[in-house]
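Data first, discussion second: the structure below is written as structure tokens.
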């Protein structure tokens, strides 16, 4: 196994019991073990395009992104939140291995069903400890930067906690809409900074989304070559997806959650197609987001082999 430099509290394995959700037919994917189909549209109002939630969103207790979980480490009673992951089964969360490498020592936990990062143990939000972690055996820097967490107990499927679909092999569509969920500070951009300071306003860290535009492979390869000061082999660049954030007004408001999953939305079905290796929810052409592709055959086969 390739050395990943992970801290001692992360137990590397290549297999553990579990069940992974896969989108065999995007619009009709159903699984006997799932009370709901993977990646289906939530029965909630659409999330506002800007990160300021407003009263309507504050009154809505159901997450627009039920497939997203927060990942934290703890060495005491407090949880230190680090990054996001995609729920791909009752006991499995897909995330970035780099995220785990950067965490402090201590227990790992996963929090599912939370729209606001400040929410405590209230109805609908589920907290689970992580018992094992699997890191892709061919992980290398930003390439195949993928890990799968197994949880202490299965998550219960609810309107706020659901399972994302995995893609079919090589099914990444550059033309399809791509969304990057993140936790960011929800600011009212119509209010000037002086008013904010005068009224001592505090803003919640809320789950939002950033629309992503795909950077074509040729441009992505050029960026990678400049980043690493040499030409990147085709077999390596084929494992990555490059994007940039479409809405420029996210730059002020977005704090971001590192290592978040990238989703592709087609026909009302959300499929996780990448895991962030480098970047943040707010970026531009000069510093694109890099995602390890989940539809890369070796990566997808590895995820499915974990059982």
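Numbering (mature numbering (1 follows the signal peptide of the UniProt record, and there is no 0)), first residue to last: -25 to -1, 1 to 282. Ideal placement from N, C-alpha and C gives every residue a C-beta, glycine not left out.
For this session: Count the CB pairs spanning the region 149 to 159 and the region 122 to 134 that are closer than 8 Å, and state whether there are at least three.
Result: Segments in contact, no.
Exercise. Since residue 56 is in the alpha helix (DSSP H), which residue starts that stretch and which ends it?
Worked result: Element bounds for residue 56: not the alpha helix (DSSP H) but the beta strand (DSSP E), 55 to 64.
Problem set entry | Outcome for residue 201 when other beta-carbon atoms lying within 10 angstroms are tallied against a minimum of 16 | Residue 201 is exposed by the Cβ-count criterion.
Exercise. Going along the chain, which residues of its own chain have a beta-carbon closer than 6 Å to the beta-carbon of residue 65, five neighbours each way excluded?
Worked result: Taken in chain order, the residues that qualify are 129 and 130.
Exercise. Is DSSP giving residue 280 helix, strand or coil here?
Worked result: Collapsing the DSSP output to three states places residue 280 in a helix.
For this session: Could you tell me which residues DSSP pairs with residue 72 in its beta bridges?
Result: The partner list for residue 72 (beta bridge, DSSP) is empty, contrary to what the question assumes.
Exercise. For the candidate residues 49, 274 and 62, whose alpha-carbon lies nearest to that of residue 138?
Worked result: Measuring C-alpha to C-alpha distances from residue 138 to each of 49, 274 and 62 identifies 62 as the nearest.
Problem set entry | residue 88: first and last residue of the uninterrupted beta strand (DSSP E) it sits in | Neither: residue 88 is in no beta strand (DSSP E) and is coded neither H nor E.
For this session: Name the two residues that bound the continuous beta strand (DSSP E) containing residue 236.
Result: Counting along the chain, the beta strand (DSSP E) containing residue 236 begins and ends at 236 to 241.
Problem set entry | Helix, strand or coil at residue 137 according to DSSP, with G and I counted as helix | Secondary structure at residue 137: coil, using DSSP grouped into helix, strand and coil.
Exercise. Which residues bound the beta strand (DSSP E) around residue 251?
Worked result: Per DSSP, residue 251 belongs to the beta strand (DSSP E) from 244 to 253.
Exercise. What did DSSP end up calling residue 131 once you bin it into helix, strand or coil?
Worked result: In this structure, residue 131 counts as coil in the three-state DSSP scheme.
For this session: Return the bridge partner residues of residue 82 from the DSSP annotation.
Result: DSSP, once it has assigned bridges, lists 49 as partnering residue 82.
Problem set entry | Simplified DSSP state of residue 201, which is helix, strand or coil | Assigned with DSSP and collapsed to three states, residue 201 falls in helix.
For this session: Give the DSSP-derived three-state secondary structure of residue 272 in the structure shown.
Result: Here DSSP, grouped into helix, strand and coil, assigns residue 272 to helix.
For this session: Just confirm the distance between the C-beta atoms of residue 247 and residue 238, as a whole number of angstroms; I'd bet it's less than 8 Å.
Result: Correct: roughly 6 Å between the Cβ atoms.
For this session: Indicate the three-state DSSP secondary structure (helix, strand or coil) for residue 194 in the structure shown.
Result: Three-state result, residue 194: helix.
For this session: Would you list the residues sitting across from residue 264 in a DSSP beta bridge?
Result: DSSP lists 218 as the beta-bridge partner residues of residue 264.
Problem set entry | Neighbour-count burial assignment, residue 111, 16 or more Cβ in a 10 Å radius | Residue 111 should be labelled buried.
For this session: Enumerate in chain order the residues of its own chain whose CB-to-CB distance from residue 84 is below 8 Å, with the five nearest sequence positions on each side excluded.
Result: The answer, listed in chain order, is 46, 47, 48, 49, 54, 102, 103, 104 and 105.
For this session: Examine chain D for any beta-carbon lying closer than 8 Å to the beta-carbon of residue 110, and answer yes or no.
Result: Of the protein chains in this structure there is only one, and it is not chain D.
Problem set entry | Residue from 279, 269 and 276 whose Cα sits closest to the Cα of residue 120 | Considering only 279, 269 and 276, the residue with the shortest C-alpha distance to residue 120 is 269.
Exercise. Helix, strand or coil: how does DSSP classify residue 104 here?
Worked result: Residue state, collapsed to three classes: strand.
Exercise. What three-state label does DSSP hand residue 149 in the structure shown?
Worked result: Looking at residue 149 - three-state DSSP - the assignment turns out to be coil, as it is neither helix nor strand.
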